[in-house]
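First up is the structure itself, then whatever we jot down about it.
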């Protein structure tokens with residue numbers, strides 16, 4: 024059995040730096056998905072990036088000598104995490120058919136509340152204090168405040184799917200911590216999630232009748248390559264490693280930065296306006312992160 028990585032109770036400089044880079048890329052990834060949508064259907068896009076990431080992960084593990092298929096008692100917990108991970112992305116892409124992306128994003132980023140509310144039930148050391156709950160609420164208010172200018176219409180079905188996606192995202196993290204999946208190598212933990220998603224969402228794509236034509240432009244192929252290699256492989260592998268080393272409740276609050284980075288990249292790449300509202304929201308998110316990660320006196 025693998026020796027678990029030594030856990031830390033607070034985020035250090037390395038953790039903060041990694042989280043900022045991950046959130047920046049996840050914000051950019053939303054723009055990349057949007058740019059590829061005219062050529063690559065949404066569910067197929069999500070499935071194929073996980074197919075590519077799974078192949079890269081297998082190559083990585085072979086090179087590093089990491090065993091993915093040995094018996095270690097993690098199978099059922101791993102399949103649960105994989106099912107929740109796949110359900111999150113299915114809800115995201117299905118929800119986008121009924122509501123604006125900015126509106127769905129608000130509901131998606133309720134995920135840290137699920138983590139903060141449920142993880143302490145299984146891991147007592149991750150219980151948040153009132154000041155930290157205040158920081159979490161500040162960060163969420165900042166996201167709503169920043170996105171309110173660009174929120175288009177929506178309906179109950181799209182909103183519900185957005186909420187479900189946020190719940191599934193949070194529950195994925197909760198299941199990993201509650202079942203102690205952090206004891207296994209992060210590569211195996213990631214394998215459960217992306218391999219399950221690759222198989223299940225491929226089936227969903229076929230069931231929805233999405234076109235499987237691969238006559239894409241060079242831009243679309245490049246976007247899919249970046250999504251698979253950096254998005255679903257490298258960034259998620261780092262995230263799995265961090266879940267095993269740092270408190271989930273503290274690192275999860277950083278995901279509030281992702282939609283704000285998406286708005287920034289939207290301005291740079293798609294010509295969308297950056298307003299004073301966005302800048303104020305970034306400041307409020309930063310304040311929320313500081314409060315959540317503040318050391319007790």
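Residue numbers (the working numbering): 24 to 320.
All C-beta atoms, glycine included, are put in the ideal place defined by N, C-alpha and C.
1) Using a Cβ-Cβ cut-off of 7 angstroms (strictly less than) and excluding sequence neighbours within five positions of residue 118, which residues of its own chain qualify?
2) Could you name the residues of the same chain whose beta carbon sits closer than 7 angstroms to that of residue 223, not counting the 5 residues immediately before and after it, in chain order?
3) Confirm, please, whether the CB-CB distance from residue 138 to residue 196 is below 8 angstroms.
4) Mapping DSSP to helix, strand and coil, what is residue 64?
5) Tell me whether the stretch 285 to 292 and the stretch 229 to 242 touch, counting them as touching only if at least three CB pairs, one residue from each stretch, are closer than 8 angstroms.
6) I need the DSSP call for residue 215, collapsed to helix, strand or coil.
7) What does a CB cutoff of less than 6 angstroms around residue 105 pick up in its chain, not counting 5 residues either side in sequence?
8) What would DSSP say about residue 35, mapped onto helix, strand or coil?
9) Could you tell me how far apart the beta carbons of residue 114 and residue 221 are, in whole angstroms, since I believe they sit closer than 8 angstroms?
10) Using CA atoms only, rank isn't needed, just tell me which of 229, 303, 208 is closest to residue 88.
11) Looking at residue 199: is its Cβ nearer than 8 angstroms to the Cβ of residue 266?
12) Using the Cβ count rule (16 or more neighbours within 10 Å means buried), how would you classify residue 154?
13) Look at residue 135 and residue 275 and say whether their C-beta atoms are less than 8 angstroms apart.
14) Suppose contacts are defined by Cβ-Cβ distances below 8 angstroms. Is residue 46 in contact with residue 262 by that definition?
15) How many Å lie between residue 43 and residue 95 at the Cα?
16) DSSP three-state call for residue 120: helix, strand or coil?
17) Give the C-beta separation of residue 52 and residue 59 to the nearest angstrom, bearing in mind that I take them to be a contact with Cβ-Cβ under 8 angstroms.
18) Taking 6 angstroms as the limit between beta carbons, can you name the residues of its chain near residue 131, skipping five residues before and five after?
19) What residue does the alpha helix (DSSP H) around residue 143 start on, and which one ends it?
20) My understanding is that residue 79 touches residue 256, with C-beta atoms under 8 angstroms, so please give their C-beta distance in whole angstroms.
21) Would you list, in sequence order, the uninterrupted alpha helix (DSSP H) runs of no fewer than 4 residues that lie entirely inside the stretch 228 to 301?
22) Applying the 10 Å Cβ sphere with the 16-neighbour rule, what's the burial state of residue 99?
Taking the structure as given:
1) Numbered from its first residue, the chain shown carries residue 118 at position 95. Around residue 118: 127, 181, 184, 185, 188.
2) Residue mapping note: residue 223 aligns to position 200 of the chain shown, counting from 1. Once the five neighbours on either side are set aside, the close Cβ partners of residue 223 are 109.
3) Here residue 196 corresponds to residue number 173 of the chain shown, with the count starting at 1. Here residue 138 corresponds to residue number 115 of the chain shown, with the count starting at 1. Yes, these two residues count as a Cβ contact at 8 angstroms.
4) Numbered from its first residue, the chain shown carries residue 64 at position 41. Here residue 64 sits in coil by DSSP.
5) no
6) Walking along the chain shown from the start, residue 215 turns up at place 192. Helix at residue 215.
7) By one-based count along the chain shown, residue 105 stands at place 82. Same-chain partners within the cutoff: 215, 216, 219.
8) Taking the first residue of the chain shown as position 1, residue 35 is located at position 12. Note: residue 35 maps to coil in three-state DSSP.
9) Counting from 1 along the chain shown, the entry for residue 114 is found at position 91. Counting from 1 along the chain shown, the entry for residue 221 is found at position 198. About 17 angstroms; that fails the 8 angstroms criterion.
10) Position 65 of the chain shown holds residue 88. It is 208 whose Cα lies nearest to the Cα of residue 88.
11) In the chain shown, counting from the first residue as 1, residue 199 sits at position 176. In the chain shown, counting from the first residue as 1, residue 266 sits at position 243. With respect to residue 266, residue 199 sits close: the two C-beta atoms are nearer than 8 angstroms.
12) Sequence index remark: in the chain shown, residue 154 carries index 131 (1-based). Classification for residue 154: exposed.
13) Residue mapping note: residue 135 aligns to position 112 of the chain shown, counting from 1. Residue mapping note: residue 275 aligns to position 252 of the chain shown, counting from 1. Yes, the pair counts as a contact, with Cβ atoms nearer than the cut-off.
14) Within the chain shown, residue 46 is the residue found at index 23, counting from 1. Within the chain shown, residue 262 is the residue found at index 239, counting from 1. Cβ atoms of residue 46 and residue 262: not closer than 8 angstroms.
15) Taking the chain shown and counting its residues from 1, the one referred to as residue 43 is at position 20. Taking the chain shown and counting its residues from 1, the one referred to as residue 95 is at position 72. Computed Cα separation, rounded: 33 angstroms.
16) In the chain shown, the residue the question calls residue 120 occupies position 97. Residue 120: coil per DSSP, three-state reduction.
17) As a first step, residue 52 is located in the chain shown; it is residue number 29 there, counting from the start. As a first step, residue 59 is located in the chain shown; it is residue number 36 there, counting from the start. So it is not a contact: roughly 10 angstroms between Cβ atoms.
18) Start at 1 with the first residue of the chain shown, and residue 131 comes out as number 108. If we look at residue 131 and ignore the five residues flanking it on each side, its Cβ neighbours are 185, 188, 189.
19) Along the chain shown, one-based indexing puts residue 143 at 120. Segment 134 to 145, the alpha helix (DSSP H) holding residue 143.
20) Residue numbering aside, residue 79 sits at position 56 when the chain shown is read from its first letter. Residue numbering aside, residue 256 sits at position 233 when the chain shown is read from its first letter. Rounded, the Cβ-Cβ distance is 5 angstroms, consistent with contact.
21) 241 to 249, 259 to 266, 271 to 275, 280 to 293
22) Here the question's residue 99 lines up with position 76 in the chain shown. Flag for residue 99 reads exposed.
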